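First the structure, in the form of structure tokens, and then the observations on it.
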Ligand SMILES: C[S@@+](CC[C@H](N)C(=O)[O-])C[C@H]1O[C@@H](n2cnc3c(N)ncnc32)[C@H](O)[C@@H]1O
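Below, the structure written as structure tokens:
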């Protein structure tokens with residue numbers, strides 16, 4: 198047993214041998230395994246799963262509604278502990294420091310662990326992996342990502358713009374970006390205003406959980422998780438491309 202102390206909560210005990218065995222059995226059965234760091238409620242996870250990966254999540258906070266195995270741990274300490282046993286890696290480090298909405302939080306109310314830029318450290322972590330594996334770092338517009346791909350809800354027919362950027366060590370193909378013709382409902386998440394359809398934002402403590410779950414195909418998730426999540430269809434699109442770039446597993 199390995200005592201793991203990277204979590205903000207009490208130290209957890211995980212078996213590294215057990216994890217290695219589970220991952221290698223999946224790989225030997227032809228199922229690639231992706232590690233989703235900063236997994237939150239699992240929007241990104243679900244997309245990679247839909248693309249064909251089995252996904253293991255890591256978040257420093259226990260995610261009650263996360264629909265896959267989750268390790269409660271600090272992302273960096275987890276990778277140092279588990280090593281490079283996964284076929285591909287995704288990371289969504291906290292985005293508050295880069296988000297337009299940061300100005301809504303007065304400086305004295307900004308919690309330091311949320312207002313921190315972990316992107317350089319995440320890139321360094323991935324570049325330092327012993328075996329070259331496809332990796333992706335996701336964040337909001339304004340984040341310092343290298344040559345990122347932008348995805349927008351309109352590319353997938355979603356009723357939300359929710360722009361997100363993706364940096365990777367493999368070339369990711371983009372999509373045409375449809376013009377934004379509809380206004381977003383800034384306050385609520387109404388479907389229409391004066392008969393005109395509106396785009397939804399689903400940020401903060403939004404109302405209309407059932408509509409958000411349906412719009413984003415995130416039926417398992419709740420308001421707090423959805424407001425921070427990637428629509429699964431984004432990572433399903435990216436995951437499909439990562440599948441074509443996988444190296445033969447070191448374990449099989
Ligand atoms: C933007 S959310 C991730 C959303 C997720 N990609 C999704 O699609 O549902 C960022 C998450 O990072 C977690 N987090 C922040 N710092 C962390 C750290 N050092 N290690 C692990 N998780 C961390 C937070 O608890 C939060 O759940």
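In my numbering, the protein residues as written are 198 to 449.
Ideal Cβ placement from N, Cα and C applies to all residues, glycine included.
These figures come from a predicted structure and were not determined experimentally.
- If you draw a straight line from the Cα of residue 437 to the Cα of residue 249, it comes to about 8 Å.
- Less than 8 Å separates the beta-carbon of residue 281 from that of residue 326.
- For residue 268, the enclosing beta strand (DSSP E) stretches over residues 267-269.
- Not one heavy atom of ligand 1 is found less than 7 Å from the C-beta of residue 349.
- Residue 443 sits in coil when the DSSP states are folded into three classes, being neither helix nor strand.
- The beta-carbon separation of residue 441 and residue 244, rounded to 16 Å, does not stay under the 8 Å limit for a contact.
- By the neighbour-count definition (other C-beta atoms within 10 Å, threshold 16), residue 396 is a buried residue.
- Taken from the Cβ of residue 241, at least one heavy atom of ligand 1 lies inside 7 Å.
- Residue 286: member of the beta strand (DSSP E) spanning 285-288, first to last residue.
- Burial state of residue 401 is exposed, judged by a 10 Å Cβ sphere holding fewer than 16 other Cβ atoms.
- Exclusion of the five residues before and after residue 398 leaves 381 as the residues of its chain whose Cβ lies within less than 6 Å of its Cβ.
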